[in-house]
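All remarks here apply to the structure that follows.
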């Protein structure tokens, strides 16, 4: 059996709930050195680390991708992929256009209160190189920023594929630098002679990038520290074993740490799914990765009732939750701690990853208990605006002074009483 069969409530099933990840201390220390060097020596440090780790030299003294080369590389994309990226971009943009928060402007008893929403000035987008070529992630991160009104998006990548560069054009990315690793994160966070400082950094990366993002947080904002990707599928006896197996594999092929869990009320479904897993893995190009993930982190958890399945899912707080059972819409209403919920057998996680329009940048590792999908709101900030007239300032002075005195801050009270003409 590829999938371990576990009983809900067993120590093994409960162990699946703990996906705590800890950064390696050695990586943290080395990343801290790189960031400190980039902060001090700026472009010179970035160039040194890029030569060392990526074997890449600057072109004409800069790592910025020229417009001509950008156009040429993006033009290499196969027409079928281009059409798919354009369709995905339209759908993602349409859904995110609906997410803009309106300003608030109200007068309450003489006090005008506003909540003004404004876009961040500049955002940095990290795109991995190597085998992790994800143009869909470019769309999912850059489009919400543009919809939010961000004037400038800077993309860094150690070697973007033509598909990622086309996605960057479709999404509205303004500049691309051929940089990667912790040094690229440092350049975005601190700014260099050629790389402008940004207000926020988004996008996935390896352990070095994750450590760098965590360490620069506070200097700039970040989206999240993403852990291994995960899916939990609640299914009953009516579900299609082949479809469930395909969706588990789709998750497991990301990397060997990916989590793929089936929760079911059916005693026969796990064996049926396992048979399908073996069959479908046979010709999968990333078979070794998917198979290791399924053996190490996959499981079929048997529950007595749908209520038990919902309880387990809410404790797990998965990045992706699929509902392949009777009454899926009603079950979805009771699932409150998932990054994204896919309702019904026809809603595959793959559709959400690429084309549906909802964002695929989701909280992992149980963070869906309190965190949300990436959206337009992540690229806008809110400012409170307070305006008093003279009469209301006088009317509120005594109450303000009383609260200030309660906290031992007499200067606050005096400030209010002066405006109340009693200071």
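Residue numbers (our numbering): 28 to 450. The beta carbon of each residue, even a glycine, is placed where N, CA and C say it ideally should be.
Going straight from the alpha carbon of residue 206 to that of residue 408, what length do you get?
28 Å
Please classify residue 373: is it buried, with 16 or more other beta-carbons within 10 angstroms of its beta-carbon, or exposed?
exposed
Is DSSP giving residue 497 helix, strand or coil here?
Any answer about residue 497 is impossible in this case: the structure gives the chain only from 28 up to 450.
Residue 138 bridges to which residues according to DSSP?
135 and 415
9 Å is my cut-off, CB to CB: does residue 238 come that close to chain B?
The structure shown has no chain B; it contains just one protein chain.
One question on the structure: do residue 427 and residue 140 come within less than 9 Å of each other, judged by their Cβ atoms?
no
In the stretch 210-287, which residue ranges form an unbroken alpha helix (DSSP H) of at least 4 residues, counting only runs that do not cross its ends?
234-243 and 268-279
Could you pull out every residue in the same chain whose Cβ sits closer than 6 Å to the Cβ of residue 200, ignoring the five residues on either side in sequence?
169, 180 and 182
Contacting residues, own chain, Cβ-Cβ under 6 Å from residue 147 (five flanking each side not counted)
177, 226, 227 and 406
How should residue 44 be labelled, buried or exposed, when 16 other C-beta atoms within 10 angstroms of its C-beta is the threshold for buried?
exposed
Between the C-alpha atoms of residue 33 and residue 311, what's the straight-line distance to the nearest angstrom?
26 Å
Report buried or exposed for residue 98, applying the criterion of at least 16 other Cβ atoms within 10 angstroms of its Cβ.
exposed
CB-CB under 6 Å to residue 82, same chain, minus the five flanking residues each way: which ones, in chain order?
none
Just to confirm, is the Cβ distance from residue 231 to residue 161 under 9 Å?
yes
Could you give the first and the last residue of the continuous alpha helix (DSSP H) run that contains residue 33?
Segment 31-34 is the beta strand (DSSP E) holding residue 33; no alpha helix (DSSP H) there.
Spatial neighbours of residue 149 in its chain, beta-carbon cut-off 8 Å, leaving aside the 5 residues before and after:
177, 178, 179, 180, 181, 223, 224, 225 and 226
Report the partner residues of residue 367 according to the DSSP bridge assignment.
347
Write down the C-beta distance between residue 238 and residue 54 rounded to the nearest angstrom, noting that I regard them as a contact closer than 8 Å.
5 Å
Under 8 Å by Cβ, that's how I've got residue 350 and residue 368 pegged, so tell me the actual separation to the nearest angstrom.
7 Å
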